[in-house]
Structure formats: C-alpha cells, structure tokens
Amino acid sequence: VDCGEPESTEHGHYTLTSNATYYGAAAIYECDSNYELDGFARRLCLEN
Numbered sequence: 005v006d007c008g009e010p011e012s013t014e015h016g017h018y019t020l021t022s023n024a025t026y027y028g029a030a031a032i033y034e035c036d037s038n039y040e041l042d043g044f045a046r047r048l049c050l051e052n
C-alpha cells in the first residue's frame with residue numbers, strides 16, 4: 005500500500021521518518037515559529 009505524499013500544512017512542515025510513503029511509514033508534523041500544533045504530530049500510513 006502506498007499512501008502518497010501527506011497533506012501539506014500552512015505554517016508548518018512534515019518529515020517522512022523513513023523517506024517513504026508506503027504501509028507503516030510515518031510523517032511527523034512540526035509548526036513554524038510562533039505557531040502551535042492543533043492535533044496529532046504523527047500520521048501513519050495504514051491499510052485504509
């Protein structure tokens with residue numbers, strides 16, 4: 005399963021922990037200076 009690139013976000017960025025977008029891969033989101041994350045910082049590529 006390939007989940008494709010994660011959604012981009014305004015005033016922040018993400019890092020792919022394994023430089024991949026396949027099943028089990030994770031994306032870690034971080035905010036730019038003076039912004040605060042609302043929600044989870046980590047997203048996983050799952051079967052669905």
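Residue numbers (my numbering): 5 to 52. C-beta: ideal position from N, C-alpha, C; glycine also.
Nearest residue (CA-CA) to residue i, options the options
i         : options           : result
residue 6 : 14, 18, 13 and 28 : 28
Beta bridge counterpart(s) of residue i as assigned by DSSP
i          : result
residue 17 : 34
residue 48 : 30
residue 6  : 26
Pairwise C-alpha distance: residue j and residue i
i          : j          : result
residue 1  : residue 32 : The shown model of the chain, from 5 to 52, leaves out residue 1, and the question about it has no answer.
residue 39 : residue 48 : 23 Å
residue 8  : residue 45 : 18 Å
residue 24 : residue 35 : 21 Å
residue 41 : residue 20 : 17 Å
residue 15 : residue 43 : 14 Å
Interface flag, residue i vs chain D, CB-CB below 8 Å
i          : result
residue 12 : Here chain D cannot be found, since the structure has a single protein chain.
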